[in-house]
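Novice: Every letter in the sequence shown is one number past the one before it in this note's numbering, and letter 165, counting from 1, is 165. We treat Cβ as the ideally placed atom computed from N, Cα and C, and that holds for glycine. Have a look at this one.
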Amino acid sequence: GLTEDGVSVNGKEIKVDKIIFATGTSAVAPDITGIEDVPYLTSTEALELKELPKSLLVIGGGYIGCELAQMLGRSGVDVTIVCRSRLLPEAEPEISTALTSYLRDEGITVRDGLAYQAIRKTEEGVELDITENNQNTTIKAEQVLVTTGRRPNTDGLGLEENGVELLPGGGIKIDDRMRSTRPGVYAAGDVTGTDQFVYMAAYGAKLAAKNAMNSDSLVYDNSAMPWVVFTDPQVAGVGLSEAAALAQGFDVKTSVIGLEHIPRALAARDTRGLIKLVADNKTNKLLGAQILAPEGADSIQTAVMAIKHGLTVTDLAETIFPYLTTVEGLKLAAQTFDKDVSKLSCCAG
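Right under this line is the structure:
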């Protein structure tokens with residue numbers, strides 16, 4: 001752990017001026033009465049199962065919960081996924097609603113907007129008592145998978161007693177140069193409690209190392225950070241959602257286009273999905289984009305570059321995109337701000 005002059009490792013004191021903490025996170029159980037007496041699976045354990053259960057209750061509707069619920073459902077498991085708000089609560093509501101519908105179409109039971117009352121182990125497996133629409137009921141399953149989040153690994157490291165402030169969730173508080181509240185101590189990756197993606201952890205670690213060795217001149221910038229949920233269809237996003245843009249005081253305009261208007265989806269005979277763009281009404285600049293599409297992950301980088309370089313939705317609408325590609329949907333979504341794209345001929349701009 002951290003000491004006054006450096007770190008202590010297995011009882012050995014190491015004096016050092018610069019330290020980077022990159023200790024990651026661990027799965028954390030939700031606050032449900034009885035959870036400590038229930039043998040639940042984590043995401044890692046679910047992927048190591050030698051035998052699939054007949055039925056599985058997934059608690060948590062975030063990235064991991066949605067991905068594993070669909071994967072195990074397609075493997076023949078009777079899956080029920082439950083959440084307190086909605087699936088993918090950070091995604092646009094239109095995308096959450098559509099994905100919920102698609103999962104239900106595959107036979108996955110989705111129960112959202114719940115209050116959890118208690119959970120217990122039974123001879124047959126587990127039972128979760130819930131309140132749904134002011135009605136109390138019980139969900140039964142052979143096994144339960146908990147995907148309600150992760151907690152930074154900061155316990156027992158001597159951080160707070162040695163000048164490193166922690167966030168309410170346990171993450172190390174850092175500034176935009178990866179510095180903690182103690183001079184010479186940096187942190188990067190999931191242990192900071194933000195941007196919990198492997199590529200952002202690598203980016204942050206690189207900045208922390210360079211700043212520690214040089215002049216603290218490099219600034220962490222996540223304004224154009226892409227994220228992907230590997231469901232089918234995939235969900236991908238970058239920048240601000242409509243709600244986040246409004247909360248930041250922007251004069252917001254949005255466009256939403258269903259995949260039934262995108263030639264690639266029609267040719268593939270799979271029109272599940274939509275694209276939503278968020279723009280600043282005053283400057284016309286693109287603020288955010290979210291894609292729900294079978295190949296959505298491969299298309300989001302165009303929106304990343306547009307936001308990173310301050311492009312407007314007009315720039316997107318007037319850019320030439322290749323026909324019969326999912327990414328062409330970004331052009332059509334941009335055109336939707338001032339055109340009815342359903343009335344355009346193919347490739348019309």
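Assuming Arg182 and Val164 are in contact, meaning their beta carbons sit under 8 angstroms apart, how far apart are those beta carbons, in whole angstroms?
Specialist: In the sequence shown, residue 182 corresponds to position 182, counting from 1. In the sequence shown, residue 164 corresponds to position 164, counting from 1. That pair is a contact at about 5 angstroms.
Novice: With distance defined between alpha-carbon atoms, name the residue in Leu99, Gly1 and Ser75 nearest to Lys356.
Specialist: This structure leaves residue 356 out entirely; the chain is present only between 1 and 349.
Novice: So which of Lys276, Gly34 and Glu127 has the shortest CA-CA distance to Thr80?
Specialist: Taking the first residue of the sequence shown as position 1, residue 80 is located at position 80. Among Lys276, Gly34 and Glu127, the Cα nearest to that of Thr80 belongs to Glu127.
Novice: Look at Ser85 and Gly113 and say whether their C-beta atoms are less than 8 angstroms apart.
Specialist: Translated into the one-based positions of the sequence shown, residue 85 becomes position 85. Translated into the one-based positions of the sequence shown, residue 113 becomes position 113. Yes.
Novice: Pair every Cβ in the stretch 34 to 44 with every Cβ in the stretch 205 to 219, then say whether three or more of these pairs are closer than 8 angstroms.
Specialist: Because the criterion of three Cβ pairs below 8 angstroms is not met, the stretch 34 to 44 and the stretch 205 to 219 do not touch.
Novice: Should Pro152 and Gly170 be called a contact, given that it needs their Cβ atoms to be closer than 8 angstroms?
Specialist: The count along the sequence shown starts at 1 and reaches residue 152 at position 152. The count along the sequence shown starts at 1 and reaches residue 170 at position 170. Yes, the pair counts as a contact, with Cβ atoms nearer than the cut-off.
Novice: I need the DSSP call for Gly258, collapsed to helix, strand or coil.
Specialist: What you label residue 258 is simply residue 258 of the sequence shown in a count that begins at 1. Strand.
Novice: Mapping DSSP to helix, strand and coil, what is Ile35?
Specialist: One-based indexing of the sequence shown puts residue 35 at position 35. In the structure shown, Ile35 sits in a helix (DSSP, three-state: H, G or I).
Novice: What does a CB cutoff of less than 7 angstroms around Ile64 pick up in its chain, not counting 5 residues either side in sequence?
Specialist: The residue given as residue 64 occupies position 64 in the sequence shown. Result list for Ile64: Ser43 and Thr147, in chain order.
Novice: Hey, how far is the Cα of Pro263 from the Cα of Glu123?
Specialist: As a working mapping, residue 263 is identified with position 263 in the sequence shown. As a working mapping, residue 123 is identified with position 123 in the sequence shown. In a straight line, the C-alpha of Pro263 is about 52 angstroms away from that of Glu123.
Novice: Please classify Lys140: does DSSP put it in a helix, a strand, or coil?
Specialist: What you label residue 140 is simply residue 140 of the sequence shown in a count that begins at 1. Of the three classes helix, strand and coil, the one that applies to Lys140 here is strand, per DSSP.
Novice: Grab the span of the alpha helix (DSSP H) containing Leu274 for me, first residue to last.
Specialist: Here residue 274 is taken as the residue at index 274 of the sequence shown, counted from 1. First-last for Leu274: Leu274 to Asp280, but that is the beta strand (DSSP E), not the alpha helix (DSSP H).
Novice: Look at Thr312 and Leu286 and say whether their C-beta atoms are less than 8 angstroms apart.
Specialist: Sequence index remark: in the sequence shown, residue 312 carries index 312 (1-based). Sequence index remark: in the sequence shown, residue 286 carries index 286 (1-based). Yes, the Cβ-Cβ distance between Thr312 and Leu286 is below 8 angstroms.
Novice: Give, in chain order, every unbroken run of the alpha helix (DSSP H) that is at least 4 residues long and sits entirely within the stretch 216 to 247.
Specialist: Correct list: 242 to 247.
Novice: Can you name the residues that DSSP bridges to Ala208?
Specialist: For the purposes of this step, residue 208 is taken as the residue at position 208 of the sequence shown. DSSP output for Ala208 lists no bridge partner at all.
Novice: Please give me, in chain order, every unbroken run of the beta strand (DSSP E) with length at least 3 that falls completely inside the stretch 79 to 122.
Specialist: 109 to 111 and 115 to 121, all fully within the stretch 79 to 122.
Novice: How is the beta strand (DSSP E) around Lys15 delimited, first residue to last?
Specialist: Stepping through the sequence shown from its first residue, residue 15 is reached at position 15. Element bounds for Lys15: Lys12 to Lys15.
Novice: May I ask you to report which of helix, strand or coil DSSP gives Leu311?
Specialist: Counted from its first residue, the sequence shown places residue 311 at position 311. In this structure, Leu311 counts as coil in the three-state DSSP scheme.
Novice: Look at Gly149 and Gly24 and say whether their C-beta atoms are less than 8 angstroms apart.
Specialist: Your numbering for residue 149 matches position 149 in the sequence shown. Your numbering for residue 24 matches position 24 in the sequence shown. No, the pair does not count as a contact, with Cβ atoms beyond the cut-off.
Novice: Okay, do the stretch 225 to 239 and the stretch 281 to 299 touch, 3+ Cβ pairs below 8 angstroms being the bar?
Specialist: These segments touch.
Novice: Among Leu259, Arg104, Leu277 and Ala141, whose alpha-carbon lies nearest the alpha-carbon of Arg269?
Specialist: Here residue 269 refers to the residue found at position 269 of the sequence shown. The residue with the shortest Cα to Cα distance from Arg269 is Leu259.
Novice: Starting from Asp132, follow its DSSP beta bridges and name the residues at the other end.
Specialist: In the sequence shown, counting from the first residue as 1, residue 132 sits at position 132. Per the sequence shown, the amino acid found at residue 132 is Glu instead of Asp. The partner list for Glu132 (beta bridge, DSSP) reads Gln135.
Novice: So, for Ala317: in the same chain, excluding its five sequence neighbours on each side, which residues have a beta-carbon less than 7 angstroms away from its beta-carbon?
Specialist: By 1-based counting over the sequence shown, the position of residue 317 is 317. Lys331, Ala334 and Gln335, listed in sequence order.
Novice: Give a yes or no on contact between the stretch 186 to 201 and the stretch 222 to 231, applying the rule of three or more CB pairs nearer than 8 angstroms.
Specialist: As far as the Cβ criterion goes, the stretch 186 to 201 touches the stretch 222 to 231, which means the pair count is three or higher.
Novice: Cα separation between Asp129 and Val278?
Specialist: As a working mapping, residue 129 is identified with position 129 in the sequence shown. As a working mapping, residue 278 is identified with position 278 in the sequence shown. Straight-line Cα distance between these residues: approximately 39 angstroms.
Novice: Cutting at 7 angstroms between CB atoms, please list the residues of its own chain near Ser26, excluding the five before and the five after it.
Specialist: The residue you call residue 26 lines up with position 26 of the sequence shown. Only Arg150, Arg151 and Asn153 meet the Cβ criterion.
Novice: Spatial neighbours of Leu88 within its chain, please: C-beta separation below 6 angstroms, excluding the five flanking residues on both sides.
Specialist: Stepping through the sequence shown from its first residue, residue 88 is reached at position 88. Only Ser96 meet the Cβ criterion.
Novice: For Thr137, I'd like the list of residues in its chain whose CB is within less than 7 angstroms of its CB, leaving aside the five on either flank, ordered along the chain.
Specialist: What you label residue 137 is simply residue 137 of the sequence shown in a count that begins at 1. Taken in chain order, the residues that qualify are Ile130.
Novice: According to the neighbour-count rule (16 or more other Cβ atoms, all chains shown, within 10 Å of its Cβ), is His261 buried or exposed?
Specialist: Stepping through the sequence shown from its first residue, residue 261 is reached at position 261. Its Cβ being crowded by 16 or more others within 10 Å, His261 is buried.
Novice: Is the distance from the Cβ of Asn162 to the Cβ of Glu13 below 8 angstroms?
Specialist: Mapped onto the sequence shown, residue 162 falls at position 162. Mapped onto the sequence shown, residue 13 falls at position 13. No, these two residues do not count as a Cβ contact at 8 angstroms.
Novice: So is Ser55 buried or exposed if we call it buried at 16+ other beta carbons inside 10 Å?
Specialist: Taking the first residue of the sequence shown as position 1, residue 55 is located at position 55. Label assigned to Ser55: buried.
Novice: Given a threshold of 16 other Cβ atoms within 10 Å of its Cβ, counted over all protein chains shown, does Ile257 qualify as buried or as exposed?
Specialist: Here residue 257 corresponds to residue number 257 of the sequence shown, with the count starting at 1. By the neighbour-count rule (16 or more Cβ atoms within 10 Å), Ile257 is buried.
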